[in-house]
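Enquirer: Numbering follows my numbering, with no gaps: position 195 of the sequence shown is 197.
Here a beta-carbon is modelled for each residue, glycine too, at the ideal position from N, C-alpha and C.
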Amino acid sequence: MNNEPVNYKRAINFPWLLQMAWRDSRKNRSRLFLFISSIVLGIASLVAIYSFGFNLKQDIDRQAAELVGADIVISGNKPVSPQIQKLIDSLGDRKSSQRSFASMVSFTKNQGTRLVEVRALEGGFPYYGSIETTPASAANTFRKNKQVLADRNLMLQFNAHVGDSLKIGNVTFTIAGTLDKAPGQTSLAASVAPVVYMPMNYLQQTGLMARGSRINYSYYIKYDRNENIEKLTPKIEPRLDKEDLNLQTVASQKEQTTRSFEDLTKFLALVGFIALLLGCIGVASSIHIYVREKLKAIAIMRCLGVKSTEAFLIYLIQIVVIGFIGSIIGAALGTLIQQLLPIAFKDFLPIEITVEISWASIATGIILGVVISLLFAMLPLVSVRNISPLNTLRVSDDAVNSKR
3 MNNEPVNYKR AINFPWLLQM AWRDSRKNRS RLFLFISSIV LGIASLVAIY
53 SFGFNLKQDI DRQAAELVGA DIVISGNKPV SPQIQKLIDS LGDRKSSQRS
103 FASMVSFTKN QGTRLVEVRA LEGGFPYYGS IETTPASAAN TFRKNKQVLA
153 DRNLMLQFNA HVGDSLKIGN VTFTIAGTLD KAPGQTSLAA SVAPVVYMPM
203 NYLQQTGLMA RGSRINYSYY IKYDRNENIE KLTPKIEPRL DKEDLNLQTV
253 ASQKEQTTRS FEDLTKFLAL VGFIALLLGC IGVASSIHIY VREKLKAIAI
303 MRCLGVKSTE AFLIYLIQIV VIGFIGSIIG AALGTLIQQL LPIAFKDFLP
353 IEITVEISWA SIATGIILGV VISLLFAMLP LVSVRNISPL NTLRVSDDAV
403 NSKR
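1) I'd like to check one pair, Gln-149 with Ala-184: are the Cβ atoms closer than 7 Å?
2) Going by DSSP in three states, Val-386 sits in which element: helix, strand or coil?
3) Thinking C-alpha only, which one of Glu-232, Ile-170, Ser-254 and Leu-181 is nearest Gln-113?
4) Please confirm whether Asn-203 and Ser-102 have their CB atoms less than 7 Å apart.
5) Please state the DSSP three-state secondary structure of Leu-19.
6) When we look at the beta-carbon of Pro-84 and count the other beta-carbons within 10 Å, is it buried (16 or more) or exposed?
7) Does the stretch 46–53 come close enough to the stretch 325–345 to have 3 or more Cβ pairs within less than 8 Å?
8) If distances are taken between C-alpha atoms only, which option among Ile-62, Ala-253, Gln-258 and Ala-365 comes closest to Tyr-52?
9) When the distance is taken between beta carbons, is Ile-389 closer than 7 Å to Glu-289?
10) Sorted by chain position, which residues of the same chain lie with C-beta nearer than 6 Å to Val-252's C-beta, five sequence neighbours on each side aside?
11) Taking the C-alpha atoms as reference points, what is the distance between Ala-362 and Phe-35?
12) What's the C-alpha gap between Gly-371 and Ile-330?
13) Keeping to the same chain, check which residues put their C-beta closer than 7 Å to that of Ser-385; ignore five residues upstream and five downstream.
14) One question on the structure: do Tyr-221 and Ile-90 come within less than 7 Å of each other, judged by their Cβ atoms?
15) Quick one, which of Asn-228, Leu-247, Ser-254 and Val-322 has its alpha-carbon nearest Ile-76's?
16) Apart from the five residues on each side of it in sequence, which residues of its chain come closer than 7 Å, Cβ to Cβ, to Ile-283?
17) Please state whether DSSP places Ser-404 in a helix, a strand or coil.
18) Let me know the beta strand (DSSP E) ranges lying completely inside the stretch 214–291, each 3 residues or longer, listed in chain order.
19) Could you please give the first and the last residue of the uninterrupted alpha helix (DSSP H) stretch that includes Ser-360?
20) What are the start and end residues of the beta strand (DSSP E) that includes Leu-315?
21) Determine the burial state of Thr-110: buried for a count of at least 16 other Cβ atoms within 10 Å of its Cβ, exposed for fewer.
22) Measure the beta-carbon distance from Ala-286 to Leu-381 and round it to whole angstroms, keeping in mind my assumption that it falls under 8 Å.
23) Between Tyr-199 and Leu-266, how many whole angstroms is the CB-CB distance? I'm expecting something under 8 Å.
24) Do you know offhand how far Val-402's Cα is from Met-303's?
25) Whole angstroms are fine: how far does the CA of Asn-142 sit from the CA of Lys-224?
26) Whole angstroms are fine: how far does the CA of Ser-167 sit from the CA of Ser-98?
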């Protein structure tokens with residue numbers, strides 16, 4: 003006679019668990035879908051911000067040269083020494099120079115005055131991108147004549163038109179066109195300090211180059227042949243540092259711009275993550291109430307032979323599915339919101355933002371939504387494992403006592 007104990011352990015039947023999770027949720031789907039709303043907004047904000055950051059980084063990489071306008075820019079607050087001028091002359095194949103300073107300008111038609119940033123330009127700058135004007139030909143004609151380009155905001159403020167006169171210092175210029183966009187310029191900066199471009203050869207006549215004037219000197223250098231700028235930079239940078247001059251390249255501009263906007267996207271992502279955490283706290287509270295309402299049903303299942311692990315998995319499957327659906331909806335909503343972010347930030351961005359779907363951001367948002375939903379729902383769900391068949395009697399006793 004075999005006296006060995008019988009092993010009553012049985013394998014978990016996952017298809018049956020899925021079926022039970024579906025059946026159990028039929029009467030409570032409206033409540034379960036309320037859980038979705040707790041995480042949708044958090045996931046939507048994260049996906050929108052991550053996608054925006056992804057597109058922003060790609061656009062900075064593509065448009066970094068247009069932000070600078072040249073391969074190398076050397077700038078400082080004083081005229082360069084003869085030694086540095088020789089160095090500049092030895093670099094590149096094409097060169098331009100610019101003098102920029104703040105000054106009051108006046109419109110002769112209505113005597114309106116405004117503080118602007120005057121940029122006296124000489125040469126073919128920009129070599130990457132373009133100065134966008136209305137009419138388009140004004141970007142070239144003003145360089146050869148006694149003409150200026152006036153910022154669009156400035157023109158609107160004083161109701162000025164192409165052909166009107168604008169006085170800078172001692173010289174009166176004709177407005178050749180409206181300045182719509184310049185390399186590296188944002189709409190916000192233009193509204194604070196409108197830009198006026200003028201030819202360099204009239205700068206001395208304005209009388210604004212007097213001793214004590216605060217003028218920024220910039221030199222733009224362009225190579226027509228392929229040149230390794232990154233190898234050239236360490237050779238000339240020490241000499242420029244001794245003269246208190248700044249050196250800027252396409253690579254350095256790309257790094258600086260990327261770092262600045264990465265800080266912005268990280269901050270926005272943190273705000274979205276906090277919103278997601280708050281939503282998941284709501285999920286945890288709702289799951290706790292949901293499990294308490296299911297106490298009798300779980301106890302009955304335990305009486306019918308359902309193991310505590312199986313009861314736990316039934317409700318865990320519901321939470322995983324609900325978290326996944328909520329994350330999908332949030333990711334879809336975030337992709338739509340992403341279309342609006344370039345419009346909201348266009349005044350702060352010096353580049354044009356393209357909108358592309360970032361599948362990596364969507365996948366990150368979905369995974370994060372499911373994982374965080376599980377983490378916050380796990381604590382109230384663990385109590386399901388502690389519900390015994392005796393809870394059926396306790397629930398009945400509570401019902402009888404309440405009637406008495």
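Expert: According to the data block:
1) no
2) helix
3) Cα-wise, what sits closest to Gln-113 is Ile-170.
4) no
5) helix
6) exposed
7) yes
8) Ala-365
9) For the record, residue 289 in the displayed sequence is Ile; it is not Glu. Between Ile-289 and Ile-389, the C-beta spacing is not below 7 Å.
10) Ala-66, Ala-67 and Val-70
11) 26 Å
12) If you take the alpha carbons of Gly-371 and Ile-330, they lie about 9 Å apart.
13) Val-293
14) yes
15) Leu-247
16) Phe-378
17) The predicted position of Ser-404 is uncertain, since its pLDDT is 42 and thus under 50; a value taken from the coordinates is nonetheless stated next. Helix at Ser-404.
18) 218–224 and 248–251
19) Taken as a continuous stretch (DSSP letters only), Ser-360 belongs to no alpha helix (DSSP H), as it is neither H nor E.
20) Note, Leu-315: premise wrong, no beta strand (DSSP E); alpha helix (DSSP H) at 310–340.
21) Thr-110 should be labelled exposed.
22) 7 Å
23) Contact between Tyr-199 and Leu-266 does not hold, since their C-beta atoms are separated by about 30 Å, which reaches or exceeds 8 Å.
24) Confidence at Val-402 is low in this model, with a pLDDT of 36, below 50, so the placement of that residue should be treated as unreliable; the coordinate-derived value is given next. Their backbone Cα atoms lie some 21 Å apart in a straight line.
25) Computed Cα separation, rounded: 18 Å.
26) 26 Å
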